[in-house]
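Novice: Residue numbers (full-length UniProt numbering): 1 to 489.
Can you keep this structure in mind? I'll have questions shortly.
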């Protein structure tokens, strides 16, 4: 282990005793201590899933990036491993930025962006970014091989990062994000050995309104179609869409023989407050899985005062139906369920009804909304409610807007705002799966049509659940619910 890695590991060990667990998730990936953002490399290696992530072990805020590392045999129960990469060499002096992981023969390879500030730290007008390689034969200790792509396709490109690598036929392919002025570009390369790379062309580029940088690109096939997934910076809000500082979304189309992607419109992959930098994995059984950072830049992050910050969302399965990605919680997550809770029958009252049988901060709750006759007002569920009514997080159907709304206006610790998704006006019923894990809520449509993922920070005693209705018509029920166990070994 290098000296830089040893220092980082000691910082982790020393910091564990200071961590406060009030907001800390119990079955999501989060750093032992310090900061976490993007999932870097997700890979299946020797019968286990490995997830790497952007990590700063010394403080609970962004700093020179390391690669944290965890693994799981079942996508449910995770184990932290030693930090995989530390910055400090000439090619990655100021950070080992995001990238990907692939299996090459009996070797696990990490391809990442080496970052250097050429001027003042934090001045993004003067940087150098190169694509680097590190390999391991045991999946734990990695040897750096330096920069394997030292120059962007054009000399005037400085922002050049987040390589995603995959194998197809006899070649490895690499797609990265780049920025020329305020124009986003996605250069594509290929290689036979992960060391020498040939630039092919730009897969896609942005036009006016598309933002200035597309981070964390991913390109994969589902059902015979090509899917381009990326995280744009600089897109402006439009109605109920793109309300977060940055987004993660996709386009469905075709990559032609000249390496050019043409496709449909940009569609956000998640409609909540906190979902960014998604990265996918083709699992051994053929499923396309995805992870994302369950936070958002410049959002309140009260766990920083608790000596840790950041978490990843649940692993999700992606399916393609027509020109839309459908998103489902990974099927393995049912292993977290403990003894089922009683749930409720249909309720068609008005006002609010406490559900005393369902209570807690680590739950899976199935919520059914019968929309037939619901023509005005709100119909839904209140979660993480305090006894005095001061804290609650609302999930409801707004009949006038015909939208499902996640409202964290009273969710604690400075967070606020609503996010929502349109519901087909002909739809008579909504069936939802809701996952709570102390400071996170993830809502999934049972049919995969949407998800809403957000952080929130209610007090530790705000554990109640209510059904509520403020208009006429409609019914709500909780047919099933479970307390969830720990996801850590």
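Ideal Cβ positions, reconstructed from N, Cα and C, are used throughout, including at glycine.
(1) Going along the chain, which residues of its own chain have a beta-carbon closer than 7 Å to the beta-carbon of residue 361, five neighbours each way excluded?
(2) Tell me where the beta strand (DSSP E) around residue 277 begins and ends.
(3) At 3 residues or longer, and completely inside the UniProt domain "Glycosyl hydrolase family 32 C-terminal" (357-477): list those beta strand (DSSP E) runs for me, N to C.
(4) For my contact list, residue 222 and residue 289 are in at a C-beta cut-off of 8 Å; report their separation, rounded to the angstrom.
(5) What does residue 227 pair with, by DSSP beta-bridge criteria?
(6) Give me the Cα-Cα distance between residue 332 and residue 75, rounded to the nearest whole angstrom.
(7) If I'm right that residue 34 touches residue 52 with Cβ under 8 Å, what's the distance once you round it to whole angstroms?
(8) In or out: residue 301 buried (at least 16 other Cβ within 10 Å) or exposed?
(9) Just the Cα atoms here: how many angstroms apart are residue 260 and residue 269?
(10) Measure the alpha-carbon distance for residue 274 versus residue 313 and round it to whole angstroms.
(11) Check residue 334 in the structure and name its three-state DSSP category.
(12) At the level of alpha carbons, what is the spacing between residue 70 and residue 32?
(13) What whole-angstrom Cβ distance do residue 217 and residue 176 have, given they're in contact under 8 Å?
(14) Would the beta-carbon of residue 122 fall within 8 Å of that of residue 46?
(15) Give the range of the alpha helix (DSSP H) segment to which residue 92 is assigned.
(16) Identify whether residue 4 lies in helix, strand or coil by the three-state DSSP scheme.
(17) Which one or two residues does DSSP pair with residue 177 in a beta bridge?
(18) Please state if the CB of residue 137 and the CB of residue 220 are separated by a distance shorter than 8 Å.
(19) When the Cα atoms are used, what is the spatial distance from residue 235 to residue 155?
(20) Can you give, in chain order, each stretch of the beta strand (DSSP E) that sits fully within the segment 277-330 and has at least 3 residues?
(21) Output needed for residue 209: all residues of its chain with C-beta closer than 8 Å, excluding positions within five of it in sequence on either side, in chain order.
Specialist: Straight from the coordinates:
(1) Taken in chain order, the residues that qualify are 384, 436, 438 and 463.
(2) From DSSP, the beta strand (DSSP E) with residue 277 extends over 276-282.
(3) The UniProt domain "Glycosyl hydrolase family 32 C-terminal" (357-477) contains these whole beta strand (DSSP E) runs: 362-370, 378-385, 392-398, 403-410, 418-422, 429-437, 440-445, 451-455 and 464-469.
(4) About 12 Å; that fails the 8 Å criterion.
(5) DSSP output for residue 227 lists 220 and 252 as bridge partner(s).
(6) Whole-angstrom Cα-Cα distance: 7 Å.
(7) That pair is no contact at about 15 Å.
(8) Looking at its Cβ environment, which holds 16 or more other Cβ atoms inside 10 Å, residue 301 is buried.
(9) C-alpha separation (whole angstroms): 22 Å.
(10) Those two C-alpha atoms are separated by around 9 Å.
(11) Residue 334 falls in the helix class under three-state DSSP.
(12) Cα to Cα, the separation comes out at about 10 Å.
(13) Contact between residue 217 and residue 176 holds: CB atoms are separated by about 7 Å, below the 8 Å threshold.
(14) Result no, Cβ atoms of residue 122 and residue 46 do not sit closer than 8 Å.
(15) Segment: none, residue 92 is in no alpha helix (DSSP H) and carries neither H nor E.
(16) Of the three classes helix, strand and coil, the one that applies to residue 4 here is helix, per DSSP.
(17) In the DSSP output, where bridge partners are listed per residue, residue 177 has 161.
(18) No.
(19) Computed Cα separation, rounded: 25 Å.
(20) Look at the segment 277-330 and you find these whole runs of beta strand (DSSP E), each 3 residues long or longer: 288-293, 316-321 and 324-329.
(21) For residue 209, same chain residues with a beta-carbon under 8 Å away, outside a window of 5 residues either side, are 235 and 236 in chain order.
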